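Chemist: Oh and the sequence shown: position 440 is 427 in the numbering used here, straight run, nothing missing.
All C-beta atoms in this analysis are idealised placements derived from N, C-alpha and C, irrespective of residue type, glycine included.
On a predicted model such as this, the values are computed, not experimentally measured, just so you know.
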Amino acid sequence: MTTKFYNRLSNDFTRLLENPTDYNVAIEVDKAPINKIFEVHSYILQSRSTYFKKKFDEIPFNENHVKELKMSNISTNLFNVIIKYIYGGTISLEKLEKSIIFDLLIVSHVFDLDELVEHLQTHLVTNNASWLRLNFAHVYQTSYHKNFEIIQNFCNNIIAKNPDTIFESENFNSLPEDVLISIIKLDDLQLEEDKIWDYVIQWGKTKNPAFPTNLDEWTSDDFSTLKTTLKHCFPHIRYFNISSEQVIEKFYPYQQLFEPKLWSDINIKLLAPNRPISSIILPPRNIISSTPPTKTTTIPSNIITDKLALEISSWIDKKETTYTEFNPYEFKLLVRGSRDGFDIKTIYEICDKVSNTVIVLKVEDTGEIIGGYNPLEIFNNTIGWNFSKDSFAFSLKTENLKNSIISRVKDNPSIYYSVYSYCFGSALCLCGNLKTGKDSFCDTDYYEKSIRSDTSGFSVEEFEVFKISPK
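1. Could you work out which residue in L321, V396, K182 and R225 is closest to R272 when comparing CA atoms only?
2. Could you tell me whether the Cβ atoms of K319 and I138 are closer together than 9 angstroms?
3. Smallest Cα separation from F98: which of L80, V68 and E236?
4. How should F123 be labelled, buried or exposed, when 16 other C-beta atoms within 10 angstroms of its C-beta is the threshold for buried?
5. How many Å lie between P279 and S391 at the Cα?
6. If you compare alpha carbons, which of K384, I290, L92 and I146 is closest to V345?
7. Should I299 and F381 be called a contact, given that it needs their Cβ atoms to be closer than 9 angstroms?
8. What residue from L178, F39, R439 and F159 has the CA that sits closest to I393's CA?
9. What does DSSP give as the partner residue(s) for W118 in the beta ladder?
10. State the Cα-Cα distance for the pair N158 and T308, rounded to the nearest angstrom.
11. So S452 is in the beta strand (DSSP E); what residue range does that whole segment cover?
12. Could you give the first and the last residue of the continuous alpha helix (DSSP H) run that contains S300?
13. Report the option in D203, I229 and K194 whose CA atom is closest to the CA atom of T212.
14. Going by the beta-carbon positions, is the gap between I188 and L167 smaller than 9 angstroms?
15. Using only CA atoms, which one of P260, S231, K237 and F227 lies nearest to L249?
16. Using C-beta distances below 8 angstroms, list every residue in its chain close to V447, excluding the 5 sequence neighbours before and after it, in chain order.
17. Got a sec? Which residues, its chain only, sit under 6 angstroms from E180 by beta carbon, not counting five neighbours each side?
18. Note down, in chain order, each residue of its chain lying with its Cβ closer than 7 angstroms to the Cβ of E246, except the 5 sequence neighbours on either side.
19. Relative to the C-alpha of H223, which candidate in L258, P260, I267 and T200 has its C-alpha closest?
20. Measure the alpha-carbon distance for L4 versus Y74 and round it to whole angstroms.
21. With a threshold of 8 angstroms on Cβ separation, who are the neighbours of E136 within its own chain once the five nearest residues in sequence on each side are excluded?
22. Considering only their Cβ atoms, is the gap separating N149 from T353 smaller than 9 angstroms?
23. By the three-class DSSP mapping on this structure, what secondary structure does T281 have?
24. Thinking C-alpha only, which one of D432, I88 and L417 is nearest K425?
25. Taking S323 as part of the beta strand (DSSP E), name the residues at either end of that continuous run.
26. Where does the unbroken alpha helix (DSSP H) through R487 begin, and where does it stop?
27. With distances taken Cα to Cα, identify the nearest neighbour of S462 among K397, T431, T369 and N399.
28. Could you tell me the boundaries of the alpha helix (DSSP H) in which I357 lies?
29. Could you tell me the distance, in whole angstroms, from the CA atom of V53 to the CA atom of N(-6)?
30. Return the first residue and the last residue of the alpha helix (DSSP H) that R2 is part of.
31. By how many angstroms is the C-alpha of V322 removed from the C-alpha of C338?
32. Kindly indicate which three-state DSSP category L111 falls into: helix, strand or coil?
33. Of all the options Y10, F453 and E15, which has the alpha carbon lying nearest to the alpha carbon of I334?
34. Going by C-alpha distance, which of E102, H110, H96 and P270 is nearest Y131?
35. By Cβ distance below 6 angstroms, which residues in the same chain neighbour T281 in space, the five residues on each side in sequence not counted?
36. Tell me the DSSP bridge mates of R395?
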């Protein structure tokens, strides 16, 4: 029987780091704002990390028989955590910010600390899943290119269940090819095959911006170029799991992209479904339901869904990509027109001295959903302009969220209070009785853009005001 005294060993090596007797390496970590020199022992570092073994093989000793290494791409705090792990085999994550833990994961990968890489991934997925979701685009692309398998699986599960997370994001068209392929290969991707085809074609077109907008104007060279661009994506499309109507609508306009044999087999399957073909038939995706389930709304609103609330929260935090599942904010209903009245004075009476509010309105006749975010306190019986660089007006497009409009402050002043009106510049100016009158309007003064193409007055079917608080 072998007895292992790991705790004593860890403590002894940790003390050696604190009092580096006979050190032979000086590592200067000089990333701002703090720089520090760590005096360490080459045999310990290179026995624990192949990265340091390669580095030390390249660096000669100076006249003091010490190897000098400068590292400017890592903070002192991060390196301090890493070096304590290398010497003592221990690490404490409880007091570290989630973003720091993710940075620590990336650094651990660079240093070839496989055991720590696995531990940090497991910790993030188990204990910090909400943070991973809130920073999804960055986390996914980083994890894919660093081969973080545990986090990749976590992200793939989110993408499979919520394809819009990627396909409707601002960054979709800039995805690297290998990342796009990894997504369309997913067997449980909850997206119809014809829509996957549309997204792949869209991605390919953005790589060739010189293509004519009108497909009828394309030349054979244009089709050949797109075929080359998408040659690694095409094998993962499930061509034989698309209806005949979709084949006619989606494939026929692009038939020049298909290899002759595949195109022949697609047509054979349409005309004689039981006839054998030589093309590979990929299995259908594991779609949970052909009809997506109705989205459950947990926020107390008759106007917006949870998904629209996620969009608003993303704008509040100035995120490049929309939050997907976890909303970092609670939406507490303060005012509802059909319950409390539609006169503007109702907002001032109920929301007096309340800050961080969102107002949403459903426009009469058009059904448009518009609104604004006001981080400032609302004051009753006050008239005048107020200043905030963080307020914005918006228009939410329920059919396709990526077409939603956000209009941020361009010039101060930004918010106007009076007994008769409540205005976000003139981007959203609400006046009088919102139900019976048509004095409210949208224009562009003080904000970046108009949230409505129609600048004439409007009335509303319903409006709601929410207090926004971090969860």
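Modeler: According to the data block:
1. Looking up residue 272 in the sequence shown gives position 285. Measuring from the Cα of R272, the nearest candidate turns out to be R225.
2. For the purposes of this step, residue 319 is taken as residue 332 along the sequence shown, with counting starting at 1. For the purposes of this step, residue 138 is taken as residue 151 along the sequence shown, with counting starting at 1. No. Outside cutoff.
3. Here residue 98 is taken as the residue at index 111 of the sequence shown, counted from 1. Considering only alpha carbons, the answer is V68.
4. Along the sequence shown, one-based indexing puts residue 123 at 136. F123 comes out buried.
5. Within the sequence shown, residue 279 is the residue found at index 292, counting from 1. Within the sequence shown, residue 391 is the residue found at index 404, counting from 1. With a pLDDT of only 43 at P279, under the threshold of 50, the placement of this residue in the model should not be trusted, and no figure is reported.
6. The residue you call residue 345 lines up with position 358 of the sequence shown. Residue I290 is the option with its Cα nearest to V345.
7. Residue mapping note: residue 299 aligns to position 312 of the sequence shown, counting from 1. Residue mapping note: residue 381 aligns to position 394 of the sequence shown, counting from 1. The answer is yes: Cβ separation under 9 angstroms.
8. Here residue 393 refers to the residue found at position 406 of the sequence shown. Answer by Cα proximity: R439.
9. Position 131 of the sequence shown holds residue 118. DSSP output for W118 lists no bridge partner at all.
10. Against the sequence shown, residue 158 aligns to sequence position 171. Against the sequence shown, residue 308 aligns to sequence position 321. Straight through space, the alpha carbons of T308 and N158 are spaced by roughly 8 angstroms.
11. Residue 452 sits at position 465 when you count from the first residue of the sequence shown. Note that residue 452 is Val in the sequence shown here, rather than Ser. Counting along the chain, the beta strand (DSSP E) containing V452 begins and ends at V447 to P457.
12. Counted from its first residue, the sequence shown places residue 300 at position 313. That run of the alpha helix (DSSP H) goes D293 to I303.
13. By one-based count along the sequence shown, residue 212 stands at place 225. For the set D203, I229 and K194, the Cα lying nearest the Cα of T212 is the one of K194.
14. The residue labelled residue 188 in the question sits at position 201 within the sequence shown. The residue labelled residue 167 in the question sits at position 180 within the sequence shown. The answer is no: Cβ separation not under 9 angstroms.
15. In the sequence shown, residue 249 corresponds to position 262, counting from 1. The option with the nearest alpha carbon to L249 is F227.
16. Along the sequence shown, one-based indexing puts residue 447 at 460. Closer than 8 angstroms at the Cβ level, and outside the excluded window around V447, lie G324, F329, L348, K349, V350, E351, L421, K422 and S427.
17. In the sequence shown, residue 180 corresponds to position 193, counting from 1. Closer than 6 angstroms at Cβ, skipping near neighbours: R225, N228 and I229.
18. Taking the sequence shown and counting its residues from 1, one reaches residue 246 at position 259. Contacts found: none.
19. Along the sequence shown, one-based indexing puts residue 223 at 236. Per the Cα distances, I267.
20. Mapped onto the sequence shown, residue 4 falls at position 17. Mapped onto the sequence shown, residue 74 falls at position 87. Approximately 7 angstroms, taken between the alpha carbons.
21. On the sequence shown, position 149 is the one that residue 136 refers to. Around E136: Q108.
22. What you label residue 353 is simply residue 366 of the sequence shown in a count that begins at 1. What you label residue 149 is simply residue 162 of the sequence shown in a count that begins at 1. Cβ atoms of T353 and N149: not closer than 9 angstroms.
23. For this step, residue 281 is matched to residue 294 along the sequence shown. Reliability fails at T281, whose pLDDT of 44 lies under 50, so the model's placement of it is uncertain and the value that follows must be treated cautiously. When secondary structure is reduced to three states using DSSP, T281 falls in the coil class, being assigned neither helix nor strand.
24. As a working note, residue 425 is residue 438 in the sequence shown. Checked all of D432, I88 and L417; the closest Cα to K425 is L417.
25. Working through the sequence shown from its first residue, we reach residue 323 at position 336. One point to set straight first is that residue 323 is Arg, not Ser, in the sequence displayed. R323 -> beta strand (DSSP E) spans Y316 to R323.
26. Residue 487 lies beyond the stretch modelled for the chain, which goes from -12 to 458, so this question has no answer here.
27. In the structure as shown, the chain starts at -12 and stops at 458, and residue 462 therefore has no counterpart that could be examined.
28. Translated into positions along the sequence shown, residue 357 becomes position 370. Run containing I357: none in the alpha helix (DSSP H); it sits in the beta strand (DSSP E), I356 to N361.
29. Sequence index remark: in the sequence shown, residue 53 carries index 66 (1-based). Sequence index remark: in the sequence shown, residue -6 carries index 7 (1-based). So the two alpha carbons sit approximately 30 angstroms from each other.
30. Along the sequence shown, one-based indexing puts residue 2 at 15. Unbroken alpha helix (DSSP H) run through R2: Y(-7) to E5.
31. In the sequence shown, counting from the first residue as 1, residue 338 sits at position 351. In the sequence shown, counting from the first residue as 1, residue 322 sits at position 335. Between C338 and V322, the C-alpha separation is close to 8 angstroms.
32. In the sequence shown, residue 111 corresponds to position 124, counting from 1. The DSSP-derived three-state label of L111 is helix.
33. Taking the first residue of the sequence shown as position 1, residue 334 is located at position 347. Taking only the C-alpha atoms, the option nearest I334 is F453.
34. Within the sequence shown, numbered from 1, the residue matching residue 131 stands at position 144. The shortest C-alpha separation from Y131 is found at H96.
35. Along the sequence shown, read from residue 1 onward, the residue named residue 281 stands at position 294. Any reading at T281 needs caution, since the residue's pLDDT is 44, under 50, leaving its predicted position unreliable; the model's value is listed next. Closer than 6 angstroms at the Cβ level, and outside the excluded window around T281, lies no residue.
36. Here the question's residue 395 lines up with position 408 in the sequence shown. Looking at the DSSP assignment, R395 forms a beta bridge with F379.
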